[in-house]
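In the working numbering, the protein residues as written are 252 to 361. Comments concern the structure below.
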Amino acid sequence: MVRRALPERTCVGCRRRAPASELLRIVAVGDGAGHSLRPDPTRRLPGRGANMHPDPACFALAVRRRAFGRALRVTGVVDHGVLAEHVDAPTTTSGHPDRARVASKVGRPT
Ligand SMILES: [Zn+2]
């Protein structure tokens, strides 16, 4: 079986290999306070990237093993809020996933 020119990447969640096109690229964006993870669906953002299935299960696995920090060479606090929304994973920051998800979609009332 010859499947050339199809770059494979390892998912930081389940550790399975998959064609890069099936995985979501993730980069860490730093600000003064720390880093936050950003999905990069177009794979165009500069810097180191991690790859993950766009799947809440893989996301949860990666978070549990702190795989993002390792893959992206980031130490300290890493905020996964934006990424959690992107893969539709329940967020752990508010005790109420459903409400957090709705609030993030409609925006915060003033
Ligand atoms: Zn995976």
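Glycine included, every Cβ here is placed at the ideal spot set by N, Cα and C. Note that this is a predicted model, so its numbers are computed, not measured.
(request) Mind checking which residues open and close the alpha helix (DSSP H) that includes residue 311? (result) Position 60 of the sequence shown holds residue 311. Taken as a continuous stretch (DSSP letters only), the alpha helix (DSSP H) holding residue 311 covers 307-315.
(message) Distance check for residue 326 and residue 332, CA to CA, integer angstroms please.
(response) Looking up residue 332 in the sequence shown gives position 81. Looking up residue 326 in the sequence shown gives position 75. Each residue's Cα considered, the two are about 17 angstroms apart.
(message) Suppose you measure from the CA of residue 312 to the CA of residue 296; what does that come to, to the nearest Å?
(response) The residue given as residue 312 occupies position 61 in the sequence shown. The residue given as residue 296 occupies position 45 in the sequence shown. Going by the C-alpha atoms only, they are around 24 angstroms apart.
(request) Specify the secondary structure class of residue 335 as computed by DSSP and reduced to three states. (result) As a first step, residue 335 is located in the sequence shown; it is residue number 84 there, counting from the start. The three-state secondary structure of residue 335, taken from DSSP, is helix.
(request) Report yes if the C-beta of residue 286 is less than 6 angstroms from at least one heavy atom of ligand 1; otherwise report no. (result) Along the sequence shown, read from residue 1 onward, the residue named residue 286 stands at position 35. The nearest non-hydrogen atom of ligand 1 is 6 angstroms or more from the C-beta of residue 286.
(message) Can you tell me which residues form a DSSP beta bridge with residue 290?
(response) Residue 290 sits at position 39 when you count from the first residue of the sequence shown. According to DSSP, which records beta bridges pairwise, residue 290 is partnered with 277.
(message) My output table needs one value for residue 352: the three-state DSSP class, helix, strand or coil.
(response) Here residue 352 refers to the residue found at position 101 of the sequence shown. A caution first: residue 352 carries a pLDDT of 45, below 50, which makes its placement in the model unreliable, though a value can still be read off. Helix at residue 352.
(request) With hydrogens ignored, establish whether the beta-carbon of residue 264 is closer than 6 angstroms to any heavy atom of ligand 1. (result) Your numbering for residue 264 matches position 13 in the sequence shown. Shortest gap from the CB of residue 264 to any heavy atom of ligand 1: under 6 angstroms.
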